[in-house]
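K.L.:
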Amino acid sequence: MTAPSSQSTEHAHEQAYLDLLHDRLDTLCTEIRGDLRTALRESSGTAQGQVERGVVAERLARKLLMMEAAENRLCFGRLDRAEDDRLYIGRIGVSGAGDDDPLLIDWRAPAARPFYTATAAAAQGVRLRRHLHTRNRRVLRVDDELFDDTAGVPDDVQLSGEAALLAALRHGRTGRMHDAVATLQAEQDKIIRSPHAGVTVVQGSPGTGKTVVALHRAAYLLYSHERLQRSGVLVVGPNSVFLEYISQVLPGLGETSVLLSSVGSLYPGLSASAGEPVASAEIKGRLVMADVLDRAVRARQAAVTESVDALIGGEHFRLSRDFLADAAARATEGGRQHNLARPEFRDILFEELADRLARVIGDIEVGFEEILAGEMDVQALDLAVQEDLAGVFGQDAKAYDFRAQLPAEFTERKANWLHALPRDRDAQRLLDSLWPLLSPEQLLDDLYADPARLAEAAPQLEEEDRALLVRERGAPWTLSDVPLLDEAAELLGYDDHAETERQAARRAAQRDYAQGVLDIARGSRDADDHLHAADLVSAEQLAGWHTQTDLRTVAERAAADRTWVFGHVIVDEAQDLSPMTWRLLVRRCPTRSFTVVGDAAQSSDAAGATSWREALEPFFGTRWRLSQLTVNYRTPGEIMEASRQVLKAISPELLPARAVRHGAEPPRCTGTTPEEFPAGLAEAAASAARRAAGGRTAIVVPTADLERLAAAVSARIPDASWGADVDLERDVVVLGVRQAKGLEFDSVVVADPQGMLDGSTRGLSDLYVALTRASRFLHVFHAGPLPEVLSHLTQDPS
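Take 1 as the starting number for the sequence shown in UniProt numbering and just add one per residue.
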């Protein structure tokens with residue numbers, strides 16, 4: 001019998017070592033806080049000094065955050081190799097007094113790898129692997145795995161085998177995913193540590209830990225490649241509910257250079273959530289939409305079919321189609337984007353208008369001179385002027401020819417018009433009509449609201465398809481609009497000239513203010529002062545002291561900058577991405593360094609792909625490699641059996657992962673009438689919550705019926721949560737089937753499976769997702785006949 005942990009010698013030993021680690025961690029944190037305060041007080045006022053101060057402060061702040069995040073479960077493992085050769089494994093590395101004295105090895109370090117990969121058949125020099133179960137700063141239990149019969153194990157220590165993993169799997173859900181650094185398995189660890197160049201595709205059935213692999217790979221890459229700390233890693237998830245579910249994993253590992261985002265949030269300042277017909281979303285996801293937007297932009301660039309009449313300065317002008325086409329070509333020379341080409345086009349247009357206006361006045365003057373010549377002797381007038389000039393300047397004065405001065409007068413008149421036209425309302429209106437300054441939102445809104453514009457921009461689409469894109473101006477943005485807005489932003493460009501000038505003016509004003517402060521300080525000092533503080537600092541340095549260092553994390557800066565280039569992108573549930581979304585993500589990472597995670601059987605989006613080749617080859621060619629996760633750690637075999645026929649119906653070639661857990665209760669399956677279905681579902685939800693015994697229960701329903709069925713469940717279970725901002729930490733949640741993707745619960749009720757099949761062109765995938773969310777109990781509740789793909793389930797008469 002195992003001795004109580006409070007009496008265990010090994011327990012006491014490990015507690016003493018954990019205390020040592022935390023004491024050292026506290027010391028290091030105190031030192032870093034002091035260094036951070038010193039860096040923020042750095043007095044360099046030069047631009048370079050401010051940049052260096054910001055870099056140092058950011059590095060220290062990131063290191064401090066990582067150490068503070070490791071406070072809970074700091075150390076979780078120990079490896080005993082040769083005699084007296086012992087390594088402790090933890091969430092971060094902790095050094096002793098010298099850097100060559102490691103007290104704790106980071107789980108990502110090469111030396112820690114045997115903790116995840118050693119087996120009895122391939123021990124890799126490991127004699128004993130110890131799992132430390134801790135909470136905050138206390139050791140709760142120690143479990144050992146023995147690989148060498150000569151390694152002694154105290155009698156009061158539990159020999160565990162895979163107990164650490166299975167205990168974690170059986171533990172009740174909390175509504176949030178937590179890191180799995182203590183229980184990663186060999187096939188997961190292999191993918192996590194694989195090279196980051198190119199595209200790594202991770203295919204895995206439900207329960208294989210795809211998301212665990214994706215998140216821990218992000219942490220591993222940041223640890224292994226320092227440059228990624230500066231550029232950051234982007235992790236893209238299927239929806240906001242999923243992102244909330246995984247939100248604690250990477251911060252818990254101390255990583256602040258990872259941006260978690262859904263596709264709907266990848267366009268800064270916008271969170272697209274409006275609904276739209278599936279057919280419309282599928283069209284917007286097609287790669288052809290890139291050409292449509294390109295044509296839509298070029299249609300706004302002086303693309304006229306006939307001459308344009310304009311009234312400028314009270315004069316009528318006609319601008320030929322050829323002139324405007326040439327001006328547009330010159331403005332966009334070298335691939336200049338639309339908004340950045342506008343100043344060039346404006347200069348060409350205003351040059352032409354100023355020239356014509358100057359000639360109009362010149363023609364008036366010539367006409368006036370001709371009239372005057374008919375009434376007067378011009379030669380006699382010239383002679384009289386020359387005589388007057390000779391009287392003033394002497395006989396050597398050169399003859400003054402009024403008509404010879406016309407070119408100089410023309411140039412002056414033209415210059416005056418060039419100065420005046422930018423402020424002329426008629427000229428500005430003409431410029432705006434020929435080459436408007438456009439935002440991505442305005443371009444797309446104009447396109448959707450005008451069937452004629454759509455017909456011009458999208459001749460390759462069928463008329464029925466174009467009709468599906470038409471909508472009222474100002475309608476809310478949808479998820480499928482985000483890649484199109486991003487594409488439009490890339491085509492339009494952003495002219496930051498005005499912002500640059502404002503920043504320069506603000507810096508100049510700060511320097512002027514600082515100089516005024518110094519002048520006052522010098523003027524107010526006593527007459528006998530020999531040296532004053534104002535003599536030791538320049539205005540630029542003083543202004544620099546008040547320049548705030550940007551302490552935002554890499555993730556925070558990247559979230560606000562559409563043009564941010566990431567060092568690596570990780571995509572979860574990648575099978576659902578449309579081609580236009582892939583195009584957006586490739587722009588975010590031009591090096592094409594990706595980890596792609598998903599399951600072809602769960603492809604439920606009409607714009608998504610049913611094979612990795614179909615999804616990836618248009619963007620990566622053959623530069624991608626496939627890795628398979630073959631073991632289902634989460635879902636018991638009995639529950640996976642419920643989805644067997646559904647998976648076969650999706651594709652006979654798809655094979656389920658091997659379940660490591662068995663012995664769970666077989667799924668329940670009960671039916672009722674459509675009239676009694678909402679009330680019956682509410683009772684089924686209450687029963688499932690009781691069976692979960694404090695765990696988490698999900699009622700997964702057809703998306704189209706979410707509001708009605710959630711209302712029925714909420715009437716029975718008032719604390720149940722549902723909706724766009726569903727609280728996953730509630731005991732009971734009601735989710736549309738798309739919201740449930742990527743999540744896991746102790747107990748799941750799948751409501752109206754036939755409704756899921758009927759609700760989408762990929763209803764089989766939706767049903768497959770719903771059936772594979774449970775880790776302990778599954779209940780299928782249906783109205784009317786059971787779908788054929790579930791006919792193998794045994795009906796529960798109760």
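Ideal Cβ positions, reconstructed from N, Cα and C, are used throughout, including at glycine. Please read these numbers as outputs of a predicted model, since none were measured by experiment.
1) Take residue 94 as the anchor and find which of 561, 20, 297 and 639 has the nearest alpha-carbon.
2) Are at least three pairs of beta-carbons, each pair with one atom in the region 302-310 and one in the region 324-331, less than 8 Å apart?
3) With a threshold of 8 Å between beta-carbons, can residue 195 be considered close to chain C, or not?
4) Mind checking which residues open and close the beta strand (DSSP E) that includes residue 75?
5) Leaving out the 5 sequence neighbours to the left and right, which residues in its chain are closer than 8 Å to residue 611 when beta-carbon positions are compared?
6) Quick one: what's got a C-beta closer than 6 Å to residue 570's C-beta in the same chain, skipping five residues either side?
7) According to the neighbour-count rule (16 or more other Cβ atoms, all chains shown, within 10 Å of its Cβ), is residue 204 buried or exposed?
8) In whole angstroms, what separates the C-alpha of residue 243 from that of residue 725?
9) Would you mind working out which of 772, 52, 461 and 755 sits nearest residue 677, comparing C-alpha positions?
10) What residues in its chain sit with their C-beta under 8 Å from that of residue 650, if we drop five residues either side in the sequence?
11) Classify residue 780: buried if its beta carbon has 16 or more other beta carbons within 10 angstroms, exposed otherwise.
12) Quick one: what's residue 632 bridged to in DSSP?
13) Suppose only complete runs of 4+ residues qualify. What are the alpha helix (DSSP H) ranges in the region 249-292, listed by chain order?
14) Ignore the nearest five residues each way along the sequence and tell me which others in residue 280's own chain have a CB closer than 6 Å to its CB.
15) List the DSSP bridge partners of residue 310.
16) As an exercise, report each continuous alpha helix (DSSP H) stretch of at least 4 residues that is fully enclosed by the region 635-722, in chain order.
17) Looking only at C-alpha atoms, which of 320, 462, 297 and 211 sits nearest to residue 308?
18) Starting from residue 581, trace the alpha helix (DSSP H) in both directions and tell me its first and last residue.
19) Should residue 15 be labelled buried (16 or more other beta-carbon atoms within 10 Å of its own) or exposed?
20) Taking only three categories from DSSP, how would you classify residue 477?
21) Please name the residue or residues paired with residue 598 in a DSSP beta bridge.
22) Residues in the same chain with beta-carbon distance under 7 Å from residue 358, minus the five sequence neighbours each way, listed in chain order, please.
23) Under 8 Å by Cβ, that's how I've got residue 70 and residue 91 pegged, so tell me the actual separation to the nearest angstrom.
24) DSSP on residue 89, reduced to helix/strand/coil?
25) Applying the 10 Å Cβ sphere with the 16-neighbour rule, what's the burial state of residue 791?
26) At the level of alpha carbons, what is the spacing between residue 298 and residue 436?
27) From what residue to what residue does the alpha helix (DSSP H) around residue 213 run?
28) With a 10 Å radius around its C-beta and 16 neighbouring C-beta atoms as the bar for buried, classify residue 185 as buried or exposed.
29) When you compare only the Cα positions, how much space is there between residue 737 and residue 762?
30) Who are the Cβ neighbours of residue 559 in its own chain at under 6 Å, not counting the five residues just before and after it?
31) Considering only DSSP beta bridges, list what residue 132 is partnered with.
32) Is residue 568 buried or exposed, if buried means 16 or more other CB atoms sit within 10 Å of its CB?
33) From what residue to what residue does the beta strand (DSSP E) around residue 102 run?
34) Taking Cβ positions, are residue 81 and residue 54 nearer each other than 8 Å?
35) Could you round the C-beta distance between residue 338 and residue 438 to whole angstroms and report it? I think they count as a contact, below 8 Å.
36) Locate the alpha helix (DSSP H) running through residue 445, then write down its first and last residues.
P.N.:
In this structure, then:
1) Residue mapping note: residue 94 aligns to position 94 of the sequence shown, counting from 1. Nearest option by C-alpha distance: 20.
2) yes
3) Of the protein chains in the structure, only one exists, and it is not chain C.
4) Here residue 75 refers to the residue found at position 75 when the sequence shown is read from its first residue. Start and end: 75-80.
5) For the purposes of this step, residue 611 is identified with residue 611 of the sequence shown, where counting begins at 1. Excluding sequence neighbours, residue 611 sits near 600.
6) Numbered from its first residue, the sequence shown carries residue 570 at position 570. Closer than 6 Å at Cβ, skipping near neighbours: 214, 218, 235 and 595.
7) Counting from one through the sequence shown, the residue named residue 204 turns up at place 204. It counts as buried.
8) On the sequence shown, residue 243 is found 243 positions in, with the first residue counted as 1. On the sequence shown, residue 725 is found 725 positions in, with the first residue counted as 1. Residue 243 and residue 725: Cα-Cα distance of roughly 11 Å.
9) Translated into the one-based positions of the sequence shown, residue 677 becomes position 677. It is 755 whose Cα lies nearest to the Cα of residue 677.
10) Stepping through the sequence shown from its first residue, residue 650 is reached at position 650. Result list for residue 650: 601, 764, 765 and 768, in chain order.
11) In the sequence shown, counting from the first residue as 1, residue 780 sits at position 780. Per the 10 Å Cβ criterion, buried.
12) Position 632 of the sequence shown holds residue 632. Residue 632 pairs with 659.
13) 249-252 and 278-284
14) Here residue 280 refers to the residue found at position 280 of the sequence shown. Excluding residues within five positions, the ones whose Cβ falls inside 6 Å are 468.
15) Within the sequence shown, numbered from 1, the residue matching residue 310 stands at position 310. Answer is 317.
16) 637-640, 644-650, 677-692 and 706-716
17) Here residue 308 is taken as the residue at index 308 of the sequence shown, counted from 1. For residue 308, the nearest C-alpha among the options comes from 320.
18) The sequence position of residue 581 within the sequence shown is 581, counting from 1. Residues 579-588.
19) Within the sequence shown, numbered from 1, the residue matching residue 15 stands at position 15. Flag for residue 15 reads buried.
20) Working through the sequence shown from its first residue, we reach residue 477 at position 477. Coil at residue 477, not helix or strand.
21) The residue given as residue 598 occupies position 598 in the sequence shown. 203, per the DSSP bridge assignment.
22) In the sequence shown, residue 358 corresponds to position 358, counting from 1. The residues are 410, 413, 414 and 417.
23) To locate residue 70, count along the sequence shown from 1; it is residue 70. To locate residue 91, count along the sequence shown from 1; it is residue 91. Right, the Cβ-Cβ distance comes to about 4 Å (below 8 Å), so this counts as a contact.
24) Numbered from its first residue, the sequence shown carries residue 89 at position 89. Note: residue 89 maps to strand in three-state DSSP.
25) Within the sequence shown, numbered from 1, the residue matching residue 791 stands at position 791. So residue 791 ends up on the exposed side.
26) By 1-based counting over the sequence shown, the position of residue 298 is 298. By 1-based counting over the sequence shown, the position of residue 436 is 436. Answer to the nearest angstrom: the Cα atoms are 11 Å apart.
27) Position 213 of the sequence shown holds residue 213. Counting along the chain, the alpha helix (DSSP H) containing residue 213 begins and ends at 210-224.
28) For this step, residue 185 is matched to residue 185 along the sequence shown. Burial call: buried.
29) Indexing the sequence shown from 1 puts residue 737 at position 737. Indexing the sequence shown from 1 puts residue 762 at position 762. Each residue's Cα considered, the two are about 12 Å apart.
30) Here residue 559 is taken as the residue at index 559 of the sequence shown, counted from 1. The answer, listed in chain order, is 259.
31) For the purposes of this step, residue 132 is taken as the residue at position 132 of the sequence shown. According to DSSP, which records beta bridges pairwise, residue 132 is partnered with 142.
32) By one-based count along the sequence shown, residue 568 stands at place 568. With 16 or more other Cβ atoms within 10 Å, it is buried.
33) Taking the sequence shown and counting its residues from 1, one reaches residue 102 at position 102. It spans 102-106 - the beta strand (DSSP E) in which residue 102 sits, taken as one unbroken run.
34) Walking along the sequence shown from the start, residue 81 turns up at place 81. Walking along the sequence shown from the start, residue 54 turns up at place 54. Their beta carbons are not under 8 Å apart, which means residue 81 does not touch residue 54 by this criterion.
35) Residue numbering aside, residue 338 sits at position 338 when the sequence shown is read from its first letter. Residue numbering aside, residue 438 sits at position 438 when the sequence shown is read from its first letter. So it is a contact: roughly 6 Å between Cβ atoms.
36) Numbered from its first residue, the sequence shown carries residue 445 at position 445. It spans 440-449 - the alpha helix (DSSP H) in which residue 445 sits, taken as one unbroken run.
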